[in-house]
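Okay, so here's the structure we're looking at.
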């Protein structure tokens, strides 16, 4: 029960931690301060509690497709918020409030997606009594390891030389966001909202999704060992869109738009 | 006349789609005492099927499969639908993420 709790919590926390770290590093790099966290933290906490409390109704909604549709929407929402963030970061001081709101919502959506499951797990299994201590201790350790990985990502991004720092953070966010959007399609396949894709390749022998490195790549790149044509196409397309937003922002597009 | 043909075609197509939906085979999978029953589900190759997972335990479980690219939380005392396939013949393991030591199963595609 102890080890199991470590693994479950680590897997979920890792994904959110990588995104949160990259956004924190970005906010620090563009001198946005940490005030936006005062919006993000209560928003995320409320979201996690609501989601976990209403999971039964959510699951039964839309003829049983509710859970997947909500999760896919949360993941797509993170990507759609990251695109303007990537464009606006280059002229952060011209629209700091908008940027802060976008970042707070993006972080909240990611945390709701990843952490609601932890709450469901801990609530149910800690209540069993006999395993409560193991569940709590394992979850705490899993969370600790996940957050440590996030701190490492933050440190690595902050350690980049000044002229590459903004590019580094934005590239990391573009990769994370595109991965989340791509993974959202798998959820919709699961409830038959999208046709099942036959895999284009199978790299599970080379790098298993179940290995720690596989999980880490999943969190950063949305690594998928057996992606279909839809997944590969959407991943490349969303990376390209993020790239356009980045390029437009870096050329001063967002700054000009604000001034005009 | 052409209009009528188009309409007839549209109606027939949607009927055919509805029938295809109705023909999606359904397979039941139960969770009892953190075990999947049956452990092996045999499904036809190259066919989309609907798995109905019924959790009889009081605790939640997460149906998880890396090979099938599926993950879904099923609360205690409730059921959930998971569509899989069309799949090539082979063995696709799945497990319960909340109780991986006991909750193990396989989708056998023949």
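Residue numbers (the working numbering), protein chains in the order written: chain A, 1 to 260; chain B, 1001 to 1110.
From the three backbone atoms N, C-alpha and C, an ideal C-beta is built for every residue, glycine too.
Check, Outcome
"Applying a beta-carbon distance threshold of less than 7 Å, which residues of chain A neighbour residue 1089/B?", "None at all; the shortest Cβ gap to chain A is about 13 Å."
"Just the chain A side, please: which residues come within less than 9 Å of residue 1032/B by C-beta, in chain order?", "None at all; the shortest Cβ gap to chain A is about 16 Å."
"On the criterion of 16 or more Cβ atoms from any shown chain inside 10 Å, does residue 1046/B qualify as buried, or is it exposed?", "exposed"
"Could you tell me the distance, in whole angstroms, from the CA atom of residue 1031/B to the CA atom of residue 1037/B?", "6 Å"
"Start and end of the beta strand (DSSP E) containing residue 1055/B?", "1049–1055"
"Specify whether the region 50–69 of chain A and the region 1067–1074 of chain B touch according to this definition: at least 3 beta carbon pairs, one from each stretch, less than 8 Å apart.", "yes"
"Buried or exposed for residue 1055/B, please, with buried defined as at least 16 other CB atoms from any protein chain shown within 10 angstroms of its CB.", "buried"
"Measure from the C-beta of residue 1097/B to each C-beta in chain A and report whether the shortest distance is under 9 Å.", "yes"
"Mind pulling the chain A residues with CB within less than 7 Å of residue 1070/B?", "190"
"Give me the Cα-Cα distance between residue 34/A and residue 28/A, rounded to the nearest whole angstrom.", "8 Å"
"Could you name the residues of the region 88–120 of chain A whose beta carbon sits closer than 8 Å to any beta carbon of chain B, in the order they occur along the chain?", "117, 120"
"How long is the line joining the alpha carbons of residue 139/A and residue 3/A, rounded to whole angstroms?", "9 Å"
"Just grab the DSSP bridge partners of residue 1092/B for me.", "1107/B"
"Beta-carbon separation of residue 78/A and residue 109/A under 9 Å?", "yes"
"If you count every other CB in all the chains shown that lies within 10 Å of the CB of residue 1062/B, and 16 or more means buried, which is it?", "buried"
"List the residues of chain B whose Cβ lies closer than 7 Å to the Cβ of residue 64/A, in chain order.", "1080, 1081"
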